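Enquirer: Chains W and Z supply the protein sequences, listed in that same order. Here the numbering used here is used: the first sequence runs in plain steps of one and ends on residue 113. Here the numbering used here is used: the second sequence runs in plain steps of one and ends on residue 227. My questions will all concern the structure given below.
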Amino acid sequence: EADIYQTPRYLVIGTGKKITLECSQTMGHDKMYWYQQDPGMELHLIHYSYGVNSTEKGDLSSESTVSRIRTEHFPLTLESARPSHTSQYLCASSLHGGGTEAFFGQGTRLTVV
Amino acid sequence: SQELEQSPQSLIVQEGKNLTINCTSSKTLYGLYWYKQKYGEGLIFLMMLQKGGEEKSHEKITAKLDEKKQQSSLHITASQPSHAGIYLCGADSVTEGGADGLTFGKGTHLIIQP
Numbered sequence: 001e002a003d004i005y006q007t008p009r010y011l012v013i014g015t016g017k018k019i020t021l022e023c024s025q026t027m028g029h030d031k032m033y034w035y036q037q038d039p040g041m042e043l044h045l046i047h048y049s050y051g052v053n054s055t056e057k058g059d060l061s062s063e064s065t066v067s068r069i070r071t072e073h074f075p076l077t078l079e080s081a082r083p084s085h086t087s088q089y090l091c092a093s094s095l096h097g098g099g100t101e102a103f104f105g106q107g108t109r110l111t112v113v
Numbered sequence: 114s115q116e117l118e119q120s121p122q123s124l125i126v127q128e129g130k131n132l133t134i135n136c137t138s139s140k141t142l143y144g145l146y147w148y149k150q151k152y153g154e155g156l157i158f159l160m161m162l163q164k165g166g167e168e169k170s171h172e173k174i175t176a177k178l179d180e181k182k183q184q185s186s187l188h189i190t191a192s193q194p195s196h197a198g199i200y201l202c203g204a205d206s207v208t209e210g211g212a213d214g215l216t217f218g219k220g221t222h223l224i225i226q227p
């Protein structure tokens, strides 16, 4: 069983609020990822990190930002939430880059009203 | 960027029947991953294939990667209600200058009828 945790699992928040989605893993993985998934749609990579102080943008442009101050922690922040940000956000980590499987958290379902 | 096409998009099978899900890439696959996702939840890793012709099995699920490394199939034998969910294939993104993470297909929604 993967040791990667996301909080909260569900979040309903008003437009304009600042939110932070938490992701932590206890496996000592260097690489971490954030994916966005709309209901019934495919996953899109929005951010990833190679390790501490490393953050990169993914294939899908996102207004969110991430930080990686500690190996185990990779939070995602939206400074001003909008209804268009409503989606499921999935965090993942892997030991290395290509050739190793990624482990996923349970996801955070965000609804902006 | 690497595109992954999955077929079928959805599949309804009677409990006990066998089924196959396919994943086709527009480019050579250097690492092909199969995941299962229950609705509204995270992804559970099933299997990883890297070598042409490779085949792996776990319980009643078998995954294969063809010799050309552009197509993979996932086969479930004697399906059970616990097999229901969304099956996703993912591949290492090896596009030069592209993001370094897994690219996923759109998924196959599997429903098992009792």
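Ideal Cβ positions, reconstructed from N, Cα and C, are used throughout, including at glycine. Because the structure is a prediction, the values reported are computed rather than measured.
1) Based on Cα-Cα distance, which residue from Z:T133, Z:I224, Z:G214 lies nearest to T55 of chain W?
2) What runs of the beta strand (DSSP E), each 3 residues or longer, lie entirely inside the region 142–200 of chain Z?
3) Can you tell me the Cα-Cα spacing of A191 of chain Z and N131 of chain Z, whole angstroms?
4) List in chain order: all unbroken alpha helix (DSSP H) runs of 4+ residues lying wholly within the region 47–95 of chain W.
5) Under a CB-based cut-off of 9 Å, is Y200 of chain Z close to chain W?
6) Quick one: list the residues of chain Z neighbouring Q36 of chain W, beta-carbon separation under 9 Å, in chain order.
7) Quick check on the burial criterion: 16 or more other C-beta atoms within 10 angstroms. Buried or exposed for I134 of chain Z?
8) By DSSP, does T100 of chain W sit in helix, in strand, or in coil?
9) CA-CA distance, G155 of chain Z and E180 of chain Z?
10) Could you give the first and the last residue of the continuous beta strand (DSSP E) run that contains N135 of chain Z?
11) Whole angstroms is fine: what's the gap from Q88 of chain W's alpha carbon to L76 of chain W's?
12) Among W:T7, W:S49, W:P83, W:Y33, whose alpha-carbon lies nearest the alpha-carbon of K17 of chain W?
13) Starting from the Cα of T107 of chain Z, find the closest Cα among Z:L159, Z:D205, Z:G220 and give me that residue.
Expert: Let me lay it out:
1) Z:G214
2) 145–150, 156–162, 168–171, 174–178, 184–189
3) 5 Å
4) none
5) no
6) Those within 9 Å of Q36 of chain W in chain Z number zero; the least Cβ separation is about 12 Å.
7) buried
8) coil
9) 31 Å
10) 132–138
11) 13 Å
12) W:P83
13) The question about residue 107 of chain Z has no answer here: the residues shown for chain Z are numbered 114 through 227.
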